[in-house]
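**Student:** Residue numbering for the sequence shown is 55 to 210, as defined by our numbering. Dropping the structure in here first, questions after.
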Amino acid sequence: MLRFKILASTIPLAIAAFLARGELFASTQPCISAGDTTVQLAALPWQAQSHVSFTDDPARATIRVQIVDNAESADFAVIDDTDTDEPGACSVSAATRFIGITSSAASTDPVIYLSDNDGADYRIYVKSRSFSARDAAALIVGARTKAPARLAEANL
Numbered sequence: 055m056l057r058f059k060i061l062a063s064t065i066p067l068a069i070a071a072f073l074a075r076g077e078l079f080a081s082t083q084p085c086i087s088a089g090d091t092t093v094q095l096a097a098l099p100w101q102a103q104s105h106v107s108f109t110d111d112p113a114r115a116t117i118r119v120q121i122v123d124n125a126e127s128a129d130f131a132v133i134d135d136t137d138t139d140e141p142g143a144c145s146v147s148a149a150t151r152f153i154g155i156t157s158s159a160a161s162t163d164p165v166i167y168l169s170d171n172d173g174a175d176y177r178i179y180v181k182s183r184s185f186s187a188r189d190a191a192a193l194i195v196g197a198r199t200k201a202p203a204r205l206a207e208a209n210l
C-alpha cells in the first residue's frame with residue numbers, strides 16, 4: 055500500500071515537470087539561429103522570455119516590417135523547400151530565447167506593423183510551409199530586441 059501511495063504522489067509531480075518544460079505537448083516551433091543562440095517561438099505562454107504583438111494601425115507600431123517579393127531585397131529570408139530538417143539547427147539549450155506573440159503588449163514590448171509598404175525597419179521574405187510572415191517577423195524582431203532589463207541585470 056505504501057508503494058502505491060508513493061507512486062500515486064510521484065505521477066502528478068512528473069506530469070507537472072513535463073508541463074513546466076513544455077515537453078508533453080511540444081511540437082516543432084519556428085526558430086532561427088542568431089549568433090551563438092537560437093530564438094524560438096514559445097509553445098506555451100509561460101515559456102516566453104520576451105513578447106511581441108502585432109497591430110493593423112501603423113501609428114501604434116514601434117517596429118515596421120515589410121514583406122518583400124524576393125529574397126535578395128530582404129534583411130531576413132525564410133525559405134524551406136526541403137523535406138528534411140538540418141539536424142541540430144535549432145536545438146533548445148540554456149541559451150535559447152523564447153519569444154511569445156501576445157494580443158496585448160506591455161509598454162516595453164515591441165508592437166509590429168506588418169505590411170507590403172516601403173519605409174520599414176526590417177524587410178522579410180517568407181516562402182515556407184512551416185513559417186508564416188507573422189512568425190518570421192516575431193522571430194527577427196525578438197532576436198534583434200534586447201533582453202528584458204531584469205534578465206540583463208541578472209547577468210551582471
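Cβ atoms here follow ideal geometry from the backbone N, Cα and C, with glycine treated the same way. Bear in mind the structure is a predicted one, so any value in this text is a computation, not a measurement.
1. In the structure shown, what three-state DSSP assignment does residue 127 receive?
2. Could you check if residue 151 is buried or exposed, using at least 16 other CB atoms within 10 Å of its CB as the buried criterion?
3. Using a threshold of 8 Å, state whether the C-beta atoms of residue 164 and residue 199 are closer than that.
4. Between residue 119 and residue 169, what straight-line distance do the alpha-carbon atoms span, to the nearest angstrom?
5. Just the C-alpha distance for residue 91 and residue 64, rounded to the nearest angstrom, thanks.
6. Considering residue 149, what are the terminal residues of the alpha helix (DSSP H) in which it resides?
7. Looking only at C-alpha atoms, which of 196, 96, 59 and 190 sits nearest to residue 131?
8. Spatial neighbours of residue 124 within its chain, please: C-beta separation below 8 Å, excluding the five flanking residues on both sides.
9. Please tell me whether residue 192 and residue 122 are closer than 8 Å, where the distance is taken between their beta carbons.
**Tutor:** The answer reads as follows:
1. Helix.
2. With 16 or more Cβ atoms within 10 Å of its Cβ, residue 151 is classed as buried.
3. Contact check for residue 164 against residue 199 passes: the beta carbons are separated by less than 8 Å.
4. Cα to Cα, residue 119 sits roughly 6 Å from residue 169.
5. Between residue 91 and residue 64, the alpha-carbon positions lie close to 34 Å from each other.
6. Per DSSP, residue 149 belongs to no alpha helix (DSSP H) and is neither H nor E.
7. Nearest in C-alpha terms to residue 131, of all of 196, 96, 59 and 190, is 190.
8. The answer, listed in chain order, is 179.
9. No, the pair does not count as a contact, with Cβ atoms beyond the cut-off.
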